[in-house]
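What follows is a single structure, written as structure tokens, with notes after it.
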Amino acid sequence: MQLTQEQIESFDNNGFLIIRGFANSLECEAILDIAKIHLKYRIEPIETEIGYHNKSKEYRKNVIDYSSTIKESSVRRLRQVYSRDIIFKNWMENREIRPALEQLLNDQVVITTAHHNSIMTKMPYSSTETKWHRDRRYWHFSDNNLLSVWLALGEENSDNGVLEFIPASHKMDFSPEQFDDKEYFREDCDKNMSLIETKTSTILKKGDIVFFHSLLLHRANANITDKPKISFVYTVKGASTKALKGSRSIEYPEIYLDRS
Ligand SMILES: O=C(O)CCC(=O)C(=O)O
6 MQLTQEQIES FDNNGFLIIR GFANSLECEA ILDIAKIHLK YRIEPIETEI
56 GYHNKSKEYR KNVIDYSSTI KESSVRRLRQ VYSRDIIFKN WMENREIRPA
106 LEQLLNDQVV ITTAHHNSIM TKMPYSSTET KWHRDRRYWH FSDNNLLSVW
156 LALGEENSDN GVLEFIPASH KMDFSPEQFD DKEYFREDCD KNMSLIETKT
206 STILKKGDIV FFHSLLLHRA NANITDKPKI SFVYTVKGAS TKALKGSRSI
256 EYPEIYLDRS
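Position in the sequence shown (first residue = 1) + 5 = this note's numbering.
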């Protein structure tokens with residue numbers, strides 16, 4: 006898939022780009038089948054809802070053991086999915102998507118398995134809101150040329166926690182007081198409120214993908230429906246963007262993808 010100049014400009018200006026119906030239903034079902042087994046048996050490494058909210062800033066910045074610590078809380082995400090099953094690996098190495106990633110990164114594409122490399126869920130009755138944040142805040146790289154690829158495996162809407170974005174926020178400079186002690190973008194800060202009003206979200210259907218920049222502010226509601234919302238998210242970077250020595254970002258393999 007090659008992106009048009011208009012799509013590239015839209016990503017550059019807004020920080021995200023939606024491609025409708027990229028993955029077909031069979032591909033999505035195959036991913037879901039495996040994901041559901043791993044979720045059912047809580048196959049580690051997982052992140053639980055309580056585990057996610059209890060994490061300190063230091064933990065988020067530095068931890069490299071992603072196994073869960075709180076067994077009784079529901080699963081928020083399956084981590085390290087690249088190495089869990091060939092179905093997940095194949096999706097992350099999808100050849101059709103690669104030309105588009107090369108265009109957006111303007112570089113050779115590298116999967117960074119240290120961070121988003123996950124089946125992300127919003128489970129009924131137990132999921133929680135994900136507050137406004139930039140993914141890059143806890144990642145350690147030489148520059149910001151990283152983006153995530155989100156795949157909707159079913160419908161995603163405001164009731165089950167579709168992603169919301171603040172367009173163009175990946176290009177904005179903020180001061181430290183605009184973030185709280187866990188580096189969430191504060192909703193109670195006057196300076197932030199008018200910007201938050203510019204938020205946007207769109208219903209996603211099974212097979213839609215979203216590319217979003219590592220500095221883009223995004224959030225998601227809790228799921229108030231009675232069905233799980235299950236999505237796939239992984240992060241790629243340009244080959245010239247380097248994980249910093251001594252940081253957790255360098256502790257997991259990087260997968261260099263052949264140029265398309
Ligand atoms: O909760 C969600 O669905 C969004 C997840 C997310 O933004 C994150 O973990 O960085």
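C-beta atoms are modelled at their ideal positions from N, C-alpha and C, and glycine is treated no differently.
- If you draw a straight line from the alpha carbon of K210 to that of S30, how long is it in whole angstroms? Answer to the nearest angstrom: the Cα atoms are 10 Å apart.
- Query: Can you give the Cα-Cα distance for A244 and E259, rounded to whole angstroms?
  - Reply: Roughly 10 Å separates the two Cα atoms.
- Task: Could you work out which residue in L222, K187 and F217 is closest to T203 when comparing CA atoms only?
- Result: L222
- Message: In chain order, what are the residue ranges of uninterrupted beta strand (DSSP E) at least 3 long that sit wholly in the stretch 227 to 258?
- Response: 234 to 243
- N-terminal and C-terminal residue of the alpha helix (DSSP H) that F170 is part of: Segment L168 to F170 is the beta strand (DSSP E) holding F170; no alpha helix (DSSP H) there.
- To the nearest whole angstrom, what separates the beta carbons of V86 and I124, a pair I think is in contact under 8 Å? About 6 Å; that satisfies the 8 Å criterion.
- Using CA coordinates, which residue listed in A248, F216 and N150 is at the minimum distance from L22? F216
- Message: Assuming contact is defined by CB atoms lying nearer than 9 Å, are E32 and W137 in contact in what I supplied?
- Response: no
- Query: Given a threshold of 16 other Cβ atoms within 10 Å of its Cβ, counted over all protein chains shown, does I36 qualify as buried or as exposed?
  - Reply: The residue is buried, with at least 16 neighbouring Cβ atoms inside 10 Å.
- Item | Near ligand 1: L168 beta-carbon under 8 Å from a heavy atom | Checking the 8 Å criterion, the Cβ of L168 is within range of a heavy atom belonging to ligand 1.
- Query: Is R82 helix, strand or coil when you go by DSSP?
  - Reply: strand
- Task: Specify whether the stretch 224 to 242 and the stretch 106 to 125 touch according to this definition: at least 3 beta carbon pairs, one from each stretch, less than 8 Å apart.
- Result: yes
- Query: Beta carbon of T121: closer than 8 Å to some heavy atom of ligand 1?
  - Reply: In the sequence under discussion, the amino acid at residue 121 is His, which differs from the Thr named in the question. H121 Cβ: within cutoff of ligand 1.
- Task: Give the straight-line distance between the Cα atoms of L152 and T246, rounded to the nearest whole angstrom.
- Result: 12 Å
- Task: Look at the alpha carbon of E98 and the alpha carbon of V238, and state the distance between them as a whole number of angstroms.
- Result: 13 Å
- Between the Cα of E160 and the Cα atoms of Q12, K232 and L83, which residue gives the shortest distance? K232
- Task: Check whether the Cβ of M125 sits closer than 8 Å to any heavy atom of ligand 1, and report yes or no.
- Result: yes
- Identify the continuous beta strand (DSSP E) that holds E52 and give its terminal residues. I51 to T53
- Message: Using DSSP's beta-bridge definition, name the partner residues of E161.
- Response: L209
- Query: Are the stretch 133 to 147 and the stretch 184 to 204 touching by the rule of at least three beta carbon pairs closer than 8 Å?
  - Reply: yes
- Which residues in the same chain have their Cβ closer than 8 Å to the Cβ of H121, if we skip the five residues on either side of it in sequence? D140, S153, V238, Y239 and T240
- Could you tell me whether any Cβ in chain B is nearer than 9 Å to the Cβ of L200? Of the protein chains in this structure there is only one, and it is not chain B.
- Item | Cβ-based burial, M128 [other Cβ within 10 Å; buried from 16] | buried
- Item | Rounded separation between Q183 and F16 - CA only | 24 Å
- Query: What does a CB cutoff of less than 7 Å around N226 pick up in its chain, not counting 5 residues either side in sequence?
  - Reply: E134, S163 and G166
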